[in-house]
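Below: the structure, in structure tokens.
Chains as they are written, first to last, in the working numbering: chain A, 1 to 263; chain B, 264 to 553.
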């Protein structure tokens with residue numbers, strides 16, 4: 001339905017009008033902000049996606065070695081950011097642009113900088129700060145799925161591996177744990193892709209909407225702009241379709257990579 | 264004593280003590296970093312008004328007080344809809360939605376993972392693709408569907424869509440794929456029906472998966488899910504909405520709001536701890552000797 005609408009001019013009140021490829025043509029040729037958004041989104045996804053994916057897995061793997069009670073507590077700690085709703089707003093205070101924000105205060109005190117840095121308004125730092133917050137926030141769905149996956153793994157495989165000459169935990173990870181967790185890895189990857197390409201909320205909360213000079217404008221921000229503020233639903237659907245295709249491509253790529261794990 | 268330690272260490276293969284220590288230290292460091300919001304939220308709830316707006320802001324509380332809690336209860340003592348009603352709404356939506364979702368998702372995932380059905384690949388691809396489409400674009404069609412079904416402004420407008428969310432199906436299917444076919448076949452040879460196989464063999468084996476799914480689903484619904492869009496009547500709204508109106512009361516209500524946020528977090532944490540400490544190792548191949 002959204003795909004069909006992407007070929008129309010549709011402002012929600014009047015019935016959709018067929019305009020063919022015009023939406024897409026505008027998107028790529030006229031809409032400069034969209035190209036910025038695409039660049040930001042891809043940059044964001046390429047950096048935070050794999051990083052948080054690997055972090056999720058390694059942490060889950062390490063936590064899995066603890067005893068069940070301790071494990072529950074530690075898991076809770078790491079899942080806390082996802083659990084606590086909008087607690088990430090604490091970062092707004094931490095990165096606040098005056099000299100009292102935690103980060104600025106710390107850096108000033110130790111002489112790393114001479115005047116406060118405008119973390120959340122300077123286009124130079126904005127994206128980096130957002131990435132950090134997103135990483136902190138992203139130990140969610142995939143992380144828990146990995147922990148559950150490690151729990152349902154076959155222990156006898158590890159013992160058999162040890163007899164067959166696996167020497168340390170890293171070999172065990174690569175040759176036994178990873179291959180036997182392929183379904184969970186796949187799940188985590190899809191979650192990570194949908195998560196990191198659809199970042200919008202934290203940007204809006206931390207740097208405002210639209211962000212200064214569109215420095216942290218993502219595709220979904222753009223989508224919200226056209227879909228819910230300007231009511232150009234046809235155009236918004238075209239944006240969504242482009243985003244969908246990008247995600248699909250990323251998904252294919254990740255599937256190919258995952259097939260290579262443990263070879 | 265030394266022997267006991269040695270014995271305990273022998274159970275795990277390929278592990279060395281120094282590496283274990285280093286990893287535990289790394290975990291502890293990161294854990295502290297991740298725990299900041301918890302500490303901050305608890306601190307906020309206990310802060311007296313003057314400390315709350317202290318500048319620069321502090322993370323830890325200096326003079327803890329329970330005033331904020333009383334404030335919150337005072338506000339609700341005068342509210343038009345009693346707080347117990349909001350609580351009931353939230354619990355009703357979260358428990359029913361989660362329960363239904365876990366059962367339906369598992370039942371749908373089993374045939375997709377283990378039975379031979381024509382077109383199951385296509386079906387599964389559609390499920391995964393639906394995860395990738397932006398919710399903003401689908402919101403209008405969703406609203407129309409709910410209206411056509413006559414579920415607008417009822418609990419069901421939130422609960423029924425929650426049943427069918429594709430996340431759970433995807434998760435359960437991935438876990439069920441790991442179950443060896445041999446177990447299911449041997450159960451069939453022993454005369455078990457598909458239902459029996461599903462309840463007595465498949466579900467216990469993927470226990471970590473559905474316990475995890477409970478967490479996801481519960482967290483999503485606890486905040487109220489899509490109730491903001493589909494429910495208008497004040498007496499049907501969940502707690503999240505009620506607390507949001509408190510925040511709208513302005514800056515003087517910051518204290519009550521931080522208590523509200525803390526209360527909202529306690530139940531999901533409870534569910535989380537319950538489910539995580541029950542995630543015990545299930546041997547997907549136990550009982551198999553080839």
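Heads up, the beta-carbon is just placed ideally off N, CA and C, and yes, glycines get one too.
Chain A within 7 Å of residue i, Cβ atoms only
| i | result |
| --- | --- |
| residue 440 of chain B | yes |
| residue 332 of chain B | no |
| residue 298 of chain B | yes |
| residue 475 of chain B | yes |
| residue 294 of chain B | yes |
| residue 212 of chain B | Given a span of 264 to 553 for chain B in the structure shown, any question on residue 212 of chain B remains unanswerable. |
| residue 308 of chain B | no |
| residue 506 of chain B | no |
| residue 371 of chain B | no |
| residue 374 of chain B | no |
Residue i burial status per 10 Å Cβ neighbour count (16 or more: buried)
| i | result |
| --- | --- |
| residue 134 of chain A | buried |
| residue 312 of chain B | exposed |
| residue 334 of chain B | buried |
| residue 404 of chain B | exposed |
| residue 23 of chain A | buried |
| residue 225 of chain A | buried |
| residue 230 of chain A | exposed |
| residue 541 of chain B | exposed |
| residue 495 of chain B | exposed |
| residue 169 of chain A | buried |
| residue 483 of chain B | buried |
| residue 463 of chain B | exposed |
| residue 533 of chain B | exposed |
| residue 352 of chain B | buried |
CA-to-CA distance, residue j to residue i, given in whole angstroms
| i | j | result |
| --- | --- | --- |
| residue 122 of chain A | residue 50 of chain A | 26 Å |
| residue 288 of chain B | residue 175 of chain A | 26 Å |
| residue 265 of chain B | residue 172 of chain A | For residue 265 of chain B, the predicted model reports a pLDDT of 47, less than 50, meaning its position is unreliable; a value from the coordinates is still stated below. The straight-line gap from Cα to Cα measures roughly 27 Å. |
| residue 424 of chain B | residue 391 of chain B | 17 Å |
| residue 547 of chain B | residue 331 of chain B | Summary for residue 547 of chain B: the model assigns pLDDT 48, below 50, so the residue's position carries little reliability; its value from the coordinates is reported in the next sentence. Between residue 547 of chain B and residue 331 of chain B, the C-alpha separation is close to 49 Å. |
| residue 233 of chain A | residue 33 of chain A | 17 Å |
| residue 54 of chain A | residue 454 of chain B | 44 Å |
| residue 74 of chain A | residue 31 of chain A | 46 Å |
| residue 457 of chain B | residue 354 of chain B | 33 Å |
| residue 436 of chain B | residue 378 of chain B | 12 Å |
| residue 356 of chain B | residue 83 of chain A | 18 Å |
| residue 492 of chain B | residue 407 of chain B | 12 Å |
| residue 260 of chain A | residue 183 of chain A | 14 Å |
| residue 470 of chain B | residue 77 of chain A | 22 Å |
| residue 504 of chain B | residue 448 of chain B | 50 Å |
| residue 535 of chain B | residue 45 of chain A | 28 Å |
| residue 372 of chain B | residue 241 of chain A | 27 Å |
| residue 270 of chain B | residue 167 of chain A | Its pLDDT being 42, under 50, residue 270 of chain B is placed unreliably in this model, and the value from its coordinates should be taken loosely. About 19 Å. |
| residue 486 of chain B | residue 441 of chain B | 33 Å |
| residue 394 of chain B | residue 124 of chain A | 32 Å |
| residue 302 of chain B | residue 323 of chain B | 7 Å |
Residue span of the alpha helix (DSSP H) that contains residue i, given as start and end
| i | result |
| --- | --- |
| residue 352 of chain B | 346-377 |
| residue 472 of chain B | 470-485 |
| residue 443 of chain B | Here residue 443 of chain B belongs to no alpha helix (DSSP H), and DSSP marks it neither H nor E. |
| residue 38 of chain A | 32-63 |
| residue 196 of chain A | 182-197 |
| residue 141 of chain A | 141-151 |
| residue 169 of chain A | 169-172 |
| residue 118 of chain A | That residue, residue 118 of chain A, is in no alpha helix (DSSP H); it is neither H nor E in DSSP. |
| residue 22 of chain A | 22-25 |
| residue 29 of chain A | Segment: none, residue 29 of chain A is in no alpha helix (DSSP H) and carries neither H nor E. |
| residue 103 of chain A | 102-109 |
| residue 334 of chain B | 330-340 |
| residue 222 of chain A | 219-224 |
| residue 311 of chain B | Counting along the chain, residue 311 of chain B falls outside any alpha helix (DSSP H), and DSSP gives it neither H nor E. |
| residue 461 of chain B | First-last for residue 461 of chain B: undefined, no H or E at that position. |
Min CB distance residue i to chain B below 7 Å
| i | result |
| --- | --- |
| residue 255 of chain A | no |
| residue 134 of chain A | no |
| residue 148 of chain A | yes |
| residue 266 of chain A | Outside the displayed span of chain A (1 to 263) sits residue 266 of chain A, for which this structure offers no information. |
| residue 183 of chain A | yes |
| residue 78 of chain A | yes |
| residue 152 of chain A | yes |
| residue 83 of chain A | yes |
| residue 244 of chain A | yes |
| residue 144 of chain A | yes |
| residue 131 of chain A | no |
| residue 126 of chain A | no |
- request: Would you list, in chain order, the members of the stretch 59-77 of chain A that have their beta-carbon closer than 9 Å to a beta-carbon of chain B?
  value: 59, 62, 63, 65, 66, 68, 69, 71, 72, 73, 74, 75, 76 and 77
query: Relative to chain B, which residues along the stretch 187-198 of chain A have a C-beta separation below 7 Å, given in chain order?
result: 187, 190, 194 and 198
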